[in-house]
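Heads up, the final residue of the sequence shown is numbered 61 in our numbering, and it's a clean run with no missing numbers.
Using N, Cα and C, we set each Cβ at its ideal position, and we do this for glycine too.
Below: the structure, in structure tokens.
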Amino acid sequence: MNVIPSTGISFGFTANDIVSNSAALVGSVAGFILLAMALMFAPKLVGFIKGVFSRGSRG
């Protein structure tokens with residue numbers, strides 16, 4: 003006994019459609035995630051560079 007019959011049902015989309023749409027969604031969100039990570043990391047990097055140059059100029 004099959005719960006889902008193998009013939010006669012059409013959902014209007016295929017597995018390939020789901021995968022390609024998921025990849026497009028991840029691709030559009032990835033830019034915002036990278037931007038957020040850059041905004042969190044940039045102050046630490048600037049502080050590190052300032053620290054290196056201020057220590058280097060003292061002696």
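Fill in: Whole-angstrom distance between K52 and I20, CA atom to CA atom
Here residue 20 refers to the residue found at position 18 of the sequence shown. Here residue 52 refers to the residue found at position 50 of the sequence shown. Distance between I20 and K52, taken at the CA atoms: about 48 Å.
Discussion item. Can you list, in chain order, the residues of its chain with a C-beta nearer than 7 Å to that of N18? Leave out the 5 residues immediately preceding and following it.
Written reply: Locating residue 18 in the sequence shown gives position 16, where the first residue counts as 1. Nothing listed; no residue qualifies.
Worksheet item: To the nearest angstrom, how far is it from the Cα of F34 to the Cα of L41?
Response: By one-based count along the sequence shown, residue 34 stands at place 32. By one-based count along the sequence shown, residue 41 stands at place 39. Whole-angstrom Cα-Cα distance: 11 Å.
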